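**Q** My structure is below; once you've seen it, I'll send some questions.
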Amino acid sequence: LSQHVAFDLRRDFYDRVQALYTNRFFDPIRDATQQYINLQRATVAAERIFEILDTPQTVQEKPDATVLGDVRGDIEFRDVRFEYVPGIEVLHA
């Protein structure tokens, strides 16, 4: 019985050591893969942003347009309502 317990303890120890070294090997690979995925997502997001920024302006100012200057004031909403689901208001101002 004591030999069987010793064998189980030894096997458990080796299993834990193996798991430790396996994690130490694969964790950097997993981290590098995650960084690559993040880089790809950032690249796609940047392409979308630059596509929007590169869109030509469709509204042209008139040559005799009045310069507006500084604008000050408040924005007031009256009788504004919004529903995601009919009958359940999420905004009522």
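Just remember that our numbering sits 11 ahead of the position in the sequence shown, which is counted from 1.
Glycine included, every Cβ here is placed at the ideal spot set by N, Cα and C.
Remember, predicted model here, so these are calculated numbers, not experimental data.
Which class does E100 belong to by DSSP, given the choice of helix, strand or coil?
**A** In the sequence shown, residue 100 corresponds to position 89, counting from 1. Strand.
**Q** Can you grab the Cα-Cα spacing for the pair V96 / L102, in whole Å?
**A** Numbered from its first residue, the sequence shown carries residue 96 at position 85. Numbered from its first residue, the sequence shown carries residue 102 at position 91. So the alpha carbons of these two residues sit roughly 12 Å apart.
**Q** Alpha carbon to alpha carbon, how far is A104 from F88? Give it in angstroms, no decimals.
**A** Against the sequence shown, residue 88 aligns to sequence position 77. Against the sequence shown, residue 104 aligns to sequence position 93. Answer to the nearest angstrom: the Cα atoms are 7 Å apart.
**Q** Pull the bridge partners of R41 from the DSSP assignment, please.
**A** In the sequence shown, counting from the first residue as 1, residue 41 sits at position 30. Bridge partners of R41: none, in fact.
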